[in-house]
Amino acid sequence: MSSTRQVTMSVVRWNVSVVIFSLLTLFAILPNTVCLEVIYAINAGGEAHTDSYGI
Numbered sequence: 015m016s017s018t019r020q021v022t023m024s025v026v027r028w029n030v031s032v033v034i035f036s037l038l039t040l041f042a043i044l045p046n047t048v049c050l051e052v053i054y055a056i057n058a059g060g061e062a063h064t065d066s067y068g069i
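Remember, my numbering sits 14 above the position in the sequence shown when you count from 1.
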């Protein structure tokens, strides 16, 4: 029974390690591949005012 428990814990540790490695790899690669431009505007000029984005 003890060896089965050791094998199970070994498998659990392996799965946790794979998940952590995958997440770290994803977070390392993601900023280089996804670049979003954040656009915000405050309309202080009323209805007649539009900026270069048409907002």
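For glycine and all other residues, C-beta sits at the position ideal for the given N, C-alpha and C.
Quick check: residue i and residue j, are their CB atoms within less than 8 Å of each other?
| i | j | result |
| --- | --- | --- |
| Ile56 | Tyr67 | no |
Once DSSP output is grouped into helix, strand and coil, what is the label at residue i?
| i | result |
| --- | --- |
| Thr64 | coil |
| Leu40 | helix |
| Ile56 | coil |
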